[in-house]
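Student: Following our numbering, the numbering of the sequence shown begins with 12 at its first residue and continues without gaps.
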Amino acid sequence: MTGPAPTTRLTRFAPSPTGYLHRGHAFSALTAFEAARAAGGRFLLRIEDIDRTRCRPEYEAAIFEDLAWLGLTWEEPVRRQSDHMADYGAALRELSERGLTYRCFRTRREIAEAIESAPHGAMEAFRGQRLPPAEEERRVAAGEPYAWRLSLDAARRALENRESGGFESLTFTEDGEGPAGEHGLIQARPELGGDVVLARKDVGVAYHLAVVVDDALQGITQVVRGQDLFEATHVQRLLQALLALPTPVYRHHRLLVGADGKRFAKRDRAETLRELRGSGMTAQTLRAELGFG
């Protein structure tokens, strides 16, 4: 799987159209845009719309309006994940054919109970196992819902067979700062995430797999995003290694918080950029407020 030839700096902003953008989104988009511009590089916009139950066309349209209002420009065409399910399916098949995935039929409640009953309690990440073939076939035939999970045990063996060190050979470069001040060359610890979901029966792909495939196919050289996604980098680095994909430099930035000390979030009804625009705020005022005057 290959993407465009590497460039000096190629960044992206990849929102999900599940609601209207707020100040936190504006800060992240501007950070990625300015990083590319300062280096004479390129900036891409990607629409991460794999969750078809929550994504809405009006939210996608608003993303374009809000970013243009902020003064951002991006290359066309914009990549929409929903248009590229075949790319993710190919990556999932490759992992499955190599024995690195398994069908997990446990519900979220069952998984939570399994974690709570583990020796280390809630601190233990979920680890499952492949069912006997006959039972798996029976449950699939019965139409039971399931998720495709990455087997950490199989992934570790695959890396140990291919290169010395296994997981210990996985590193990534943090050009920003993680939640605990992490910076520079970071040792990846994919075991922290357990056997992550790569796809569900009703959704062709999950976030971790889609994002590493997208970044590789688009030739992203620097991933700029919030510190809330820092932990995701560990398992994404593992997927890059398993799929022989390039590893971009990562730049995690601080999360914006409101007067109440809580970070801006869609679920908390953070004031949207549309609302700020409607109140008479100018893009120049908001940019200056966010440190991009």
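Glycine included, each C-beta is placed from N, C-alpha and C at the ideal position.
Using a Cβ-Cβ cut-off of 8 Å (strictly less than) and excluding sequence neighbours within five positions of R248, which residues of its own chain qualify?
Tutor: Taking the sequence shown and counting its residues from 1, one reaches residue 248 at position 237. The answer, listed in chain order, is L181, T182, F183, A199, P201 and T258.
Student: Please tell me whether G230 and L83 are closer than 8 Å, where the distance is taken between their beta carbons.
Tutor: As a first step, residue 230 is located in the sequence shown; it is residue number 219 there, counting from the start. As a first step, residue 83 is located in the sequence shown; it is residue number 72 there, counting from the start. Going by C-beta atoms, G230 is not nearer than 8 Å to L83.
Student: Do the segment 70 to 83 and the segment 99 to 111 make contact, defined as three or more Cβ pairs closer than 8 Å?
Tutor: Contact fails: fewer than three Cβ-Cβ distances are below 8 Å.
Student: Comparing C-alpha positions only, which one of L103, I58 and L266 sits nearest to G189?
Tutor: For this step, residue 189 is matched to residue 178 along the sequence shown. With distances taken between Cα atoms, G189 lies closest to L266.
Student: What does the alpha-carbon distance come out to for the pair E45 and P88?
Tutor: Numbered from 1 along the sequence shown, position 34 holds the residue referred to as residue 45. Numbered from 1 along the sequence shown, position 77 holds the residue referred to as residue 88. Roughly 20 Å separates the two Cα atoms.
Student: When burial is assigned at 16 or more other CB atoms within 10 Å of the CB, is S93 buried or exposed?
Tutor: Looking up residue 93 in the sequence shown gives position 82. The residue is exposed, with fewer than 16 neighbouring Cβ atoms inside 10 Å.
Student: Check whether the Cβ atoms of R57 and R90 lie closer than 8 Å to each other.
Tutor: For the purposes of this step, residue 57 is taken as residue 46 along the sequence shown, with counting starting at 1. For the purposes of this step, residue 90 is taken as residue 79 along the sequence shown, with counting starting at 1. Yes, they are a contact pair.
Student: So, under 8 Å CB-CB, T42 and H264 are touching, yes? Tell me the CB distance rounded to an integer number of Å.
Tutor: As a working mapping, residue 42 is identified with position 31 in the sequence shown. As a working mapping, residue 264 is identified with position 253 in the sequence shown. Between H264 and T42 the Cβ distance is about 5 Å, and since that is below 8 Å, they are a contact.
Student: Could you pull the start and end residues of the beta strand (DSSP E) that V260 belongs to?
Tutor: Indexing the sequence shown from 1 puts residue 260 at position 249. Looking at the DSSP string, the run of the beta strand (DSSP E) that includes V260 is V260 to H264.
Student: Under 8 Å between the Cβ atoms of S162 and T112?
Tutor: Counting from 1 along the sequence shown, the entry for residue 162 is found at position 151. Counting from 1 along the sequence shown, the entry for residue 112 is found at position 101. Taking 8 Å as the Cβ cut-off, S162 and T112 qualify as a contacting pair.
Student: Spatial neighbours of A133 within its chain, please: CB distance less than 8 Å, with the 5 preceding and 5 following residues excluded, ordered by chain position.
Tutor: Here the question's residue 133 lines up with position 122 in the sequence shown. Because the pLDDT of A133 is 44, which lies under 50, any placement of that residue in the model is unreliable, and the question is left without a value.
Student: Could you tell me the boundaries of the alpha helix (DSSP H) in which A73 lies?
Tutor: Translated into the one-based positions of the sequence shown, residue 73 becomes position 62. Taken as a continuous stretch (DSSP letters only), the alpha helix (DSSP H) holding A73 covers P68 to L81.
Student: In the DSSP assignment, what residue or residues form a beta bridge with E185?
Tutor: For the purposes of this step, residue 185 is taken as the residue at position 174 of the sequence shown. Answer by DSSP bridge pairing, in chain order: G195 and Y261.
Student: Spatial neighbours of A243 within its chain, please: CB distance less than 7 Å, with the 5 preceding and 5 following residues excluded, ordered by chain position.
Tutor: The residue labelled residue 243 in the question sits at position 232 within the sequence shown. Closer than 7 Å at the Cβ level, and outside the excluded window around A243, lie H219.
Student: With 16 as the cutoff for other CB atoms within 10 Å, does S39 come out buried or exposed?
Tutor: Here residue 39 refers to the residue found at position 28 when the sequence shown is read from its first residue. The residue in question, S39, is buried, as its Cβ has 16 or more Cβ neighbours within 10 Å.
Student: Between the C-alpha atoms of D60 and C66, what's the straight-line distance to the nearest angstrom?
Tutor: Numbered from 1 along the sequence shown, position 49 holds the residue referred to as residue 60. Numbered from 1 along the sequence shown, position 55 holds the residue referred to as residue 66. Distance between the alpha carbons of D60 and C66: 6 Å.
Student: Going by other Cβ atoms of all chains shown within 10 Å of its Cβ, with 16 needed for buried, is R149 buried or exposed?
Tutor: What you label residue 149 is simply residue 138 of the sequence shown in a count that begins at 1. Burial call: exposed.
Student: Under three-state DSSP, which class holds G204?
Tutor: Translated into positions along the sequence shown, residue 204 becomes position 193. If DSSP states are grouped into helix, strand and coil, G204 belongs with the helices.
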